[in-house]
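Presented below is the structure to which this report refers.
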Amino acid sequence: MMNHTAILMLLGSLSVLDSTILILRSTYEKTRCQMKFLALISGGKDSIFAIHQLVKQGHECVALANLAPVAEDEIDSFTFQTVGHNVIDSIAKAMNLPLFRRTISRGDSKSVGLQYETTEGDEIETLSMLVADVLAAHTDIKGLSTGAVFSHYQRIRVEHVCRTHGLLSLAPLWRIAQATLLDMMEEAGMEAIIVKTASMGLDPRKHCGLSIVQARAHLNDLAQRYQVNEAGEGGEFESITLYCPGLFHQRLSVVNRRVVVTDDDDMAPVGHLAFDVALEDVQFEAIERRHAVLTGRPQLLVPPTDGDSSLATVTIHDVRGFNLFIGTGEDILTVARETLLAAHQATKDPMYNIMAVSDLGQFGPINGVYSATFTAMPPPGRCCVQMNSKDGRHTVAILPIPGASQRRLHVESVSSWAPACIGPYSQAADWETIEGNRVVGVSGQIPLEPSTMAIDTELDGRQLCDKHVAAVLEEFPATEGEVELIPFVLAGNGEGIVVDALPRGVSVEVVGLKGRPDVTEAMRMVFEEAMEVIRAEF
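Taken in order, the sequence shown gives residues -19 to -1, 1 to 519; the numbers are from mature numbering (1 follows the signal peptide of the UniProt record, and there is no 0).
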């Protein structure tokens, strides 16, 4: 348990995670602005096309970063593609961008669990040092892009590095269907070739050197017959990009090629292409740019407090067997600290937190206390609304839901899949209740356009929230049951739990639950009854 003094010290000098959270919150409020970013590239189709998509959104790539093997031509990194590393210099020249590199060796993948823990000598620590090298030379970089599509392993590690350096993790290809992604690349005019194969139905002697377009029909056939990943997201093949309109000023031409077979298995031979490239001039094609959302690194300001706990009163209310903590007082930080500490003391590691505050305009300092109190990673799921205080005093309420953890989904990377986590919460948590029932709780979703994190004013807000809930729940196929949607609305904005304000000034926020119907119905009643008590007590 963290004592009051420790929390105040934390608030006076926010942790990297807290700093990143506040940076993100302020950044997203400055919509439709350009951001400079660093691109982590392997040279493959995904990492290059991610740059293409971000530039299309209006952002500017100012540098490239790459991890290369020390001596070997190709090693089996758990996170990074290394085959074809010898052409990265040429790709940087073709893009007319500075390239920063560090080396990794076979065996540098040391922390190989899904959740990354800082490990000396791990390739992720090398990546962190590489990013530090770039930031020392380019202090205006705000984000780091990757070509992550389906790999939680890769995404979680990149997000760890981004938190360390206060950067936004940008993953514009995240969760795009593989056939759709290949269609997008072909439509954009990208030229990429296969440089490694390691799958049933692929032979390096036949397929290395083919363009993705040339191999597309065969890849689709393999996907149908063997359920392999059509775009190679399961490691079936790796690629190198030779040209991408709008990014490359020159085209790479393959010369001196030869195939190296490393495992001549009858069913799935493994091998890669050893080759050099030459640069050829091409006419540069301009890409239409649109304004986008992310920019800026605000100062981190926390209002002073005298820390007098006597200024806050915390009461506990029973809501269908759960403890609802309600704190009130004159000083917002004292109220938040006392209320959240009481909740944390009762439920050390909740799976989900239902929250209400009397003024969302004060949520910045409240969130600072929250992240210093609930420190588990990935963090709990959460929804938060505003209920006005009758007497004008600061009021904070929280109902922590305990459970045996099964899984938490915490995606910080900005993509078109669903809104990124821009605070100390997970998109969803999957847990086992005290009674032994499985339930998934999706954090409150508001009508954001995921790729920009801006409020979408053109689409129906409720439909967009429901769409986000559905996208998140697709990540939990193992938890069976029906979906229960719990909308929070402003008065006069449709059916739901009526509240006084919602994050970002929206008119609807939707929580999703998935599980056995009687279980989700019981949880819905917890949400409704908690809000009734909060309305009465505030």
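The beta-carbon is built from N, C-alpha and C at its ideal position, and this holds for glycine as well.
As the structure is a computational prediction, the values presented were derived from the model and not from experiment.
Closest to residue 338 by C-alpha separation, out of 110, 43, 518, would be which residue?
518
Reduced DSSP secondary structure (H/G/I, E/B, other) of residue 369:
coil
Does residue 257 pass the burial test, meaning 16 or more other C-beta atoms within 10 Å, or should it be called exposed?
Exposed is the call here.
Pull the bridge partners of residue 351 from the DSSP assignment, please.
Bridge partners of residue 351: none, in fact.
Per DSSP, cross-strand counterpart(s) of residue 260
233
Count the C-beta pairs between the stretch 353 to 366 and the stretch 326 to 344 that are closer than 8 Å, then say yes if the count reaches three, no if not.
yes
contact_flag[the stretch 482 to 502, the stretch 414 to 425] where n(CB pairs < 8 Å) is 3 or more
The stretch 482 to 502, when compared against the stretch 414 to 425, does touch it at the 8 Å Cβ threshold.
Check residue 315 in the structure and name its three-state DSSP category.
helix
Using DSSP bridges, identify the partner residues of residue 411.
The secondary-structure analysis by DSSP pairs residue 411 across a beta bridge with 388, 421.
If contact is defined by three or more beta carbon pairs under 8 Å, each pair taking one atom from either stretch, is the stretch 36 to 46 in contact with the stretch 119 to 126?
yes
To the nearest whole angstrom, what separates the beta carbons of residue 505 and residue 476, a pair I think is in contact under 8 Å?
The Cβ separation is near 13 Å, so there is no contact.
Which residues DSSP lists as bridging residue 426, in chain order
491
Just to confirm, is the Cβ distance from residue 26 to residue 181 under 8 Å?
Result no, Cβ atoms of residue 26 and residue 181 do not sit closer than 8 Å.
Hey, could you find the ends of the beta strand (DSSP E) residue 181 is sitting in?
Element bounds for residue 181: n/a, residue is neither H nor E.
Three or more C-beta pairs below 8 Å linking the stretch 441 to 454 and the stretch 424 to 431
Cβ pair count under 8 Å is three or more, so yes.
Note the first and the last residue of the continuous alpha helix (DSSP H) segment covering residue 40.
Element bounds for residue 40: n/a, residue is neither H nor E.
Flag this pair as yes or no: are the beta carbons of residue 293 and residue 306 separated by less than 8 Å?
no
Would you call the stretch 436 to 443 and the stretch 394 to 409 touching, i.e. three or more CB-CB distances under 8 Å?
no
Runs of beta strand (DSSP E) lying entirely within the stretch 435 to 509, each at least 3 residues, in chain order
463 to 471, 478 to 480, 489 to 496
Segment contact, 8 Å Cβ cut-off, at least three pairs: the stretch 131 to 140 with the stretch 373 to 383
no
Residues in its own chain within less than 7 Å of residue 301 by CB, not counting five upstream and five downstream?
The residues are 506, 507, 510.
What is the DSSP secondary structure of residue 298, counted as helix, strand or coil?
Here residue 298 sits in strand by DSSP.
Cross-strand partners of residue 375 (DSSP beta bridge):
310, per the DSSP bridge assignment.
Could you tell me which whole beta strand (DSSP E) segments of length 3 or greater appear in the stretch 94 to 136?
124 to 126
Start-to-end residues for the beta strand (DSSP E) that takes in residue 161
Unbroken run through residue 161 is the alpha helix (DSSP H), 159 to 169; no beta strand (DSSP E).
Does DSSP classify residue 17 as helix, strand or coil?
In the structure shown, residue 17 sits in a strand (DSSP, three-state: E or B).
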